[in-house]
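**Q** Structure below; questions to follow.
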Amino acid sequence: MAKVTVSLDADLVVEVMVLAGVGSPQDAVELVVRDYIARGHRTEARTAAREEELRAVELKPREEG
Numbered sequence: 018m019a020k021v022t023v024s025l026d027a028d029l030v031v032e033v034m035v036l037a038g039v040g041s042p043q044d045a046v047e048l049v050v051r052d053y054i055a056r057g058h059r060t061e062a063r064t065a066a067r068e069e070e071l072r073a074v075e076l077k078p079r080e081e082g
């Protein structure tokens, strides 16, 4: 996999290291990025499931009484 080098503010990275509980700046930032991606996938899955439910309701014929 290709690698990318990014410059970040040291205070920001130290805070991420403390919150993530890791001693390596590389590992801390990687954990944050992986978590962000995973949250995005979970959100997409929930949104897709909700849209499927709404489509199913819209497709049901109305009962006329």
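Numbering (our numbering), first residue to last: 18 to 82.
Quick reminder that beta carbons are idealized off the backbone N, C-alpha and C, glycines included.
Note that the structure is a prediction, hence the values are computed from the model and not measured.
1) Within the continuous alpha helix (DSSP H) that includes Val30, where are the two ends?
2) Leaving out five residues before and five after Val49 in sequence, what residues of the same chain have Cβ atoms less than 8 Å from its Cβ?
3) Take Gln43 as the anchor and find which of Arg56, Leu25, Tyr53 has the nearest alpha-carbon.
4) What is the DSSP secondary structure of Val21, reduced to helix, strand or coil?
5) Whole-angstrom Cβ separation of Ala45 and Val23, contact assumed at under 8 Å?
**A** Working from what's here:
1) 27 to 37
2) If we look at Val49 and ignore the five residues flanking it on each side, its Cβ neighbours are Val33, Ala37.
3) The shortest Cα separation from Gln43 among Arg56, Leu25, Tyr53 belongs to Leu25.
4) coil
5) Not really, about 13 Å apart at Cβ, beyond 8 Å.
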